[in-house]
Amino acid sequence: MKRRDFIKGVALAAGAMSVGLSASEAKPNISETARSVSLQDLAKATNAMPEITIYTAKKFLTMDPTNPEAKAVAVVNDRILAVGSLDELKAMAKGQPYRVNHSFDGKIVTPGFIAQHVHPFLGALALESAIISIEDWDLPGGYVKKARGHDEYIAHFKEELAKLDKKDPEKKLPLFTWGYHQTFHGKLNRKIMDAIESKRPIFVWHRSCHEFILNSGAIKLTGITKEFIDTLRPEARAMTDLEDGHFWETGLFGVLGKLAPYVATTDQFRHGLKTFRDYLHRQGITSASEPGGVISKPMTEIINSILGDESTPFRFYFLPDGKSLAERFVDGDLIDETEKLLSWGKGKCSYQPKQVKLFADGAIYSQLMQLREGYTDGHKGEWMMTPELYAKAFRKYWDAGYMIVTHVTGDAGLDMMLDNLELNMRRNPRYDHRTTAVHFGVAQPDQIKKIKRLGAIVSANPYYVTALADNYAKHGMSPERVKRMVPAGDLERAGVHFSYHSDMPMAPAQPLFLMDCGVNRISTSGKVSAPEQRVSRMAALRAVTIEGAYSWRMEKEFGSIEAGKLANFTILEENPLTVESRKIKDIAVWGTVLEGKVLPVKPNAKPKSGKDTEESLVSAAPFFSSGAATFGKEDDHFMEHGDCVCALNHRFALAMMDAAQKSR
Ligand SMILES: [Zn+2]
Ligand SMILES: [Zn+2]
Ligand SMILES: [Zn+2]
């Protein structure tokens, strides 16, 4: 028997095993193969055969419906060879060198978690700051508890100042903090901060990323003066308040150039990216993507230099921003220009071919989504791409065979996406197009049917319900209407493909936390919002594994534990399918395996969850920023301020690159 035939024999056996370990007909194949190979053949062939590693665990949750659970997985190099019991895999390996690795004994192993949609630039900057926010953050440098209410916020704030005072008694180093939100933390302005500290510059970055509040030290340092404010366009000027040290939305963009040298330097970005990398790893993430990231080569090169490195514990995918491209090239070589970006990725960072991100309506955090029934207070939503530009770009990308991914937050925004999809299907039908609704903030039953009928898929942010449902029931929407926020239960019942994303820093990039949000739907008051829209644990686990891979067209490479796929695993201390549902987010991540490499994480001393973390946040004021209301009053105002974080990203990035240029 020739060596090639022998290898084929092993591969066949592996194939038979992975397809039907429980099926008895798989077994005769294995013994036949074993019998047909002579000892001499084996000796010759095994010389050149790579070693198999057989991992054992309490349980592998495979996400393969034909073989949902297993006790052992055999890996060769970077790929899975077979899935089964230890005895079965040992029998299969006979004649090939193998080693049994017991590191995961007693643990639960899932397919490697997928961060479907994160923003490394804003994420890196937020992680560079001292986080004082509305939810817990499990950071590489330690576990940061949320600040509940004004007093806790101020206490954390003073702690951060005290730390700096020790390090820098001259009070030169600024305090840069992210996560403040007036709804939860009460009022904060220049005067209140000055009363605590006026000399050391303080930059408070709002939880939404859309606002900054500065103390007098920071105003002085940045040189933002009344004279400077007067040079801004009137609509930008209207969104500044120098006395309060408050700059938001268009007003923030007006002063970004002044802030960037202190809060968004390339050094901060590089350093923050390393924290971002370690943060994703400790959440069990083995692949991540930024849809619609900044189209800037120097910026991409910085990301490549950190996340593209061979040592990075995950692969990172970019999706071209079709909005920026369409604004410039919709009547020209839109597709050629999009394809130019494919060469920009390096190492572990790469652009996804034939995929593009478009934008429909405004940010949910600023309550600027387009709603069929409008808002109870009369303000209006916004479009991020005009419906005309969206339709033109959609058609061009559709005809070029692209998978079109649309940022869409409100039900009227979803109507626009689905209408374009239907029109283009009727004109030029395509199979398996995976047109994706991203965010899925508000959707109605007829839209779920249409999504199913047209073959669209969804990438949902389940944290919207947790953070916003109770607040929006009182402000802008109604208790009845918030029931239609992120209705993922409907998607599960309809059999629509859906994944979960965090949109980090809009939510912690923590797949177990997202699962928890989707399974429980407990909003800020502690009550369940629309219980019928909760999803099963299996659907939630699929949403952060195989469905994430499916949403990138990568499901043949990873996302489940099946023979032939990359050996990407997340190793957990408990089973998310059986642990008490409110404890899903607290399951400890032991580490990951990326393409056959075992990568443990160093655990933080995590505060025991219980009464303390269950306690709800108190919120009375509207969640969305003061800027939203101002904007909403104008009719037909198209969003030039780029309201989604996905787009906010660009403004910051440009300001950073600008500042870097000037300082050279
Ligand atoms: Zn978005
Ligand atoms: Zn905005
Ligand atoms: Zn985004």
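Quick note: to get my numbering, add 7 to the position in the sequence shown (first position is 1).
Each residue gets a CB set at the ideal place from its N, CA and C atoms; glycine is no exception.
Among A666, A516 and K572, which one has its Cα closest to the Cα of I121? Taking the sequence shown and counting its residues from 1, one reaches residue 121 at position 114. If we check each option's Cα against that of I121, A516 comes out closest.
Terminal residues of the continuous beta strand (DSSP E) containing W597?
On the sequence shown, residue 597 is found 590 positions in, with the first residue counted as 1. Note, W597: beta strand (DSSP E), V596 to L601.
Check: I think Y157 touches H192, with their Cβ atoms under 8 Å apart; what is that distance to the nearest whole Å?
Finding: Residue 157 sits at position 150 when you count from the first residue of the sequence shown. Residue 192 sits at position 185 when you count from the first residue of the sequence shown. Here the sequence assigns His to residue 157, which means Tyr is not the residue at that position. Contact flag correct, Cβ pair sits at about 6 Å.
To the nearest angstrom, how far is the alpha carbon of A30 from that of T73? Counting from 1 along the sequence shown, the entry for residue 30 is found at position 23. Counting from 1 along the sequence shown, the entry for residue 73 is found at position 66. For A30, the predicted structure reports a pLDDT of 36, less than 50, and the residue's modelled location is therefore unreliable. A value from the coordinates is still provided. One alpha carbon belongs to A30, the other to T73, and they sit about 10 Å apart.
Q) If we count the other Cβ atoms within 10 Å of its Cβ and call it buried at 16 or more, is N435 buried or exposed? A) For this step, residue 435 is matched to residue 428 along the sequence shown. Only exposed fits N435, as fewer than 16 other CB atoms lie within 10 angstroms of its CB.
With hydrogens ignored, establish whether the beta-carbon of H126 is closer than 7 Å to any heavy atom of ligand 3. Taking the sequence shown and counting its residues from 1, the one referred to as residue 126 is at position 119. A heavy atom of ligand 3 is found nearer than 7 Å to the CB of H126.
Taking all protein chains shown into account, do 16 or more other C-beta atoms lie within 10 angstroms of the C-beta of A660, making it buried, or fewer, making it exposed?
Residue 660 sits at position 653 when you count from the first residue of the sequence shown. Buried, because 16 or more other Cβ atoms sit within 10 Å of the Cβ of A660.
Just list the beta strand (DSSP E) runs in the region 408-469, keeping only unbroken ones of 3 residues or longer that don't cross its boundaries, in chain order. The region 408-469 is shown to contain whole beta strand (DSSP E) runs of 3 or more residues at 410-415, 443-446 and 464-467, in chain order.
*Is the distance from the Cβ of G525 to the Cβ of D85 below 8 Å?*
Here residue 525 refers to the residue found at position 518 when the sequence shown is read from its first residue. Here residue 85 refers to the residue found at position 78 when the sequence shown is read from its first residue. Not a contact, by the Cβ cut-off of 8 Å.
Q.
Since I302 and G252 should fall inside the 8 Å C-beta cutoff, what is the C-beta to C-beta distance between them, to a whole number of angstroms?
A. The residue labelled residue 302 in the question sits at position 295 within the sequence shown. The residue labelled residue 252 in the question sits at position 245 within the sequence shown. Between I302 and G252 the beta-carbon gap is near 32 Å, outside 8 Å, which marks them as no contact.
Check your understanding: Near K457, what residues of its chain come up, given a Cβ to Cβ distance below 6 Å and the 5 sequence neighbours on each side ignored?
Key -> Residue mapping note: residue 457 aligns to position 450 of the sequence shown, counting from 1. Taken in chain order, the residues that qualify are L425.
**OP:** Just the C-alpha distance for A476 and E95, rounded to the nearest angstrom, thanks.
**Re:** If you number the sequence shown from 1, residue 476 lands on position 469. If you number the sequence shown from 1, residue 95 lands on position 88. Distance between the alpha carbons of A476 and E95 is about 49 Å.
What do you reckon, are the CB atoms on G130 and P512 nearer than 8 Å?
Your numbering for residue 130 matches position 123 in the sequence shown. Your numbering for residue 512 matches position 505 in the sequence shown. Going by C-beta atoms, G130 is nearer than 8 Å to P512.
Practice item. Would you decide whether G230 is buried or exposed? Buried here means 16 or more other CB atoms lie within 10 Å of its CB. Key: Numbered from 1 along the sequence shown, position 223 holds the residue referred to as residue 230. In this structure G230 is exposed. Its beta-carbon is surrounded by fewer than 16 other beta-carbon atoms within 10 angstroms.
Which word fits E647, buried or exposed, when buried means at least 16 other C-beta atoms lie within 10 angstroms of its C-beta?
In the sequence shown, counting from the first residue as 1, residue 647 sits at position 640. Annotation note: pLDDT 38 at E647 (below 50); position unreliable, no value reported.
Q: Just the C-alpha distance for N611 and L171, rounded to the nearest angstrom, thanks.
A: Here residue 611 refers to the residue found at position 604 of the sequence shown. Here residue 171 refers to the residue found at position 164 of the sequence shown. When rounded, the separation of the alpha-carbon atoms in N611 and L171 is 23 Å.
| message | Following a CB-centred definition, is D510 positioned closer than 7 Å to any heavy atom of ligand 3? | response | Sequence index remark: in the sequence shown, residue 510 carries index 503 (1-based). Correct: D510 has its Cβ closer than 7 Å to ligand 3.
Problem - Where the alpha helix (DSSP H) containing T229 begins and where it ends - result: Your numbering for residue 229 matches position 222 in the sequence shown. From DSSP, the alpha helix (DSSP H) with T229 extends over S223 to T229.
Say yes only if the C-beta of H3 is nearer than 7 Å to one or more non-hydrogen atoms of ligand 1, and no if none qualify. Residue coverage of the chain in this structure runs from 8 to 671, which leaves residue 3 outside it and unanswerable.
*asked:* Going by the DSSP bridge assignment, what does N108 pair with across the sheet?
replied: The count along the sequence shown starts at 1 and reaches residue 108 at position 101. Answer is Y62.
*asked:* Between H414 and ligand 1, is there a pair consisting of the residue's CB and a ligand heavy atom that are separated by less than 7 Å?
replied: Translated into the one-based positions of the sequence shown, residue 414 becomes position 407. Residue side-chain check: H414 places its Cβ nearer than 7 Å to a non-hydrogen atom of ligand 1.
**Q.** For C524, the first and last residue of its enclosing alpha helix (DSSP H)
**A.** Reading the sequence shown from its first residue, position 517 is the one you call residue 524. Note, C524: alpha helix (DSSP H), P518 to N527.
Tell me which same chain residues have a C-beta within less than 6 Å of the C-beta of A667, skipping the five on either side of it?
Position 660 of the sequence shown, counting from 1, holds the residue named residue 667. Correct list, in chain order: T273.
### Task
Can you tell me which of the three DSSP states V625 falls into?
For the purposes of this step, residue 625 is taken as residue 618 along the sequence shown, with counting starting at 1. Residue placement at V625 is flagged as unreliable, the pLDDT there being 43, under the threshold of 50; the coordinate-derived value follows with that caveat. Correct three-state label for V625: coil.
Alpha-carbon spacing of F235 relative to Q454, whole angstroms
Against the sequence shown, residue 235 aligns to sequence position 228. Against the sequence shown, residue 454 aligns to sequence position 447. Whole-angstrom Cα-Cα distance: 48 Å.
Pick out whichever of L348, A77 and E389 has its Cα sitting closest to the Cα of T63. Walking along the sequence shown from the start, residue 63 turns up at place 56. If you compare the alpha carbons of L348, A77 and E389 with that of T63, the shortest gap goes to A77.
Checklist line | Element boundaries [beta strand (DSSP E), containing S357] | finding: Locating residue 357 in the sequence shown gives position 350, counting from the first residue. Here the beta strand (DSSP E) through S357 covers C356 to Y358.
| request: Specify the secondary structure class of S294 as computed by DSSP and reduced to three states. | output: Residue numbering aside, residue 294 sits at position 287 when the sequence shown is read from its first letter. Strand at S294.
Discussion item. Within 10 Å of its beta-carbon, does I578 have 16 or more other beta-carbons around it, so buried, or fewer, so exposed?
Written reply: For the purposes of this step, residue 578 is taken as residue 571 along the sequence shown, with counting starting at 1. Classification of I578: buried, given that the 10 Å Cβ count is 16 or more.
Which residues share a DSSP beta bridge with F325?
-> Locating residue 325 in the sequence shown gives position 318, where the first residue counts as 1. Looking at the DSSP assignment, F325 forms a beta bridge with E297 and Y358.
_Status (buried if at least 16 other CB within 10 Å, exposed otherwise) for A295_ = Within the sequence shown, the letter at position 288 stands for residue 295. With 16 or more other Cβ atoms inside 10 Å of its own Cβ, A295 counts as buried.
Open item on the list: Taking CB distances under 8 Å as the criterion, tell me whether E487 reaches chain E.
Closed with: Annotation note: the requested chain E is absent from the structure, which comprises a single protein chain.
(message) Let's test the definition: count the other Cβ atoms within 10 Å of the Cβ of P358 and tell me whether it reaches 16, buried, or not, exposed.
(response) Within the sequence shown, the letter at position 351 stands for residue 358. Correcting the residue type first, residue 358 is Tyr in the shown sequence and not Pro. Classification for Y358: buried.
message = Could you tell me the alpha carbon to alpha carbon distance between T552 and G119, rounded to whole angstroms?
response = On the sequence shown, residue 552 is found 545 positions in, with the first residue counted as 1. On the sequence shown, residue 119 is found 112 positions in, with the first residue counted as 1. So the two alpha carbons sit approximately 7 Å from each other.
| task | Flag this pair as yes or no: are the beta carbons of A444 and V465 separated by less than 8 Å? | result | Mapped onto the sequence shown, residue 444 falls at position 437. Mapped onto the sequence shown, residue 465 falls at position 458. In contact: A444 and V465 (Cβ atoms closer than 8 Å).
(message) Helix, strand or coil, according to DSSP, for G279 in the structure here?
(response) By 1-based counting over the sequence shown, the position of residue 279 is 272. In the three-state reduction of the DSSP assignment, G279 falls in the helix class.
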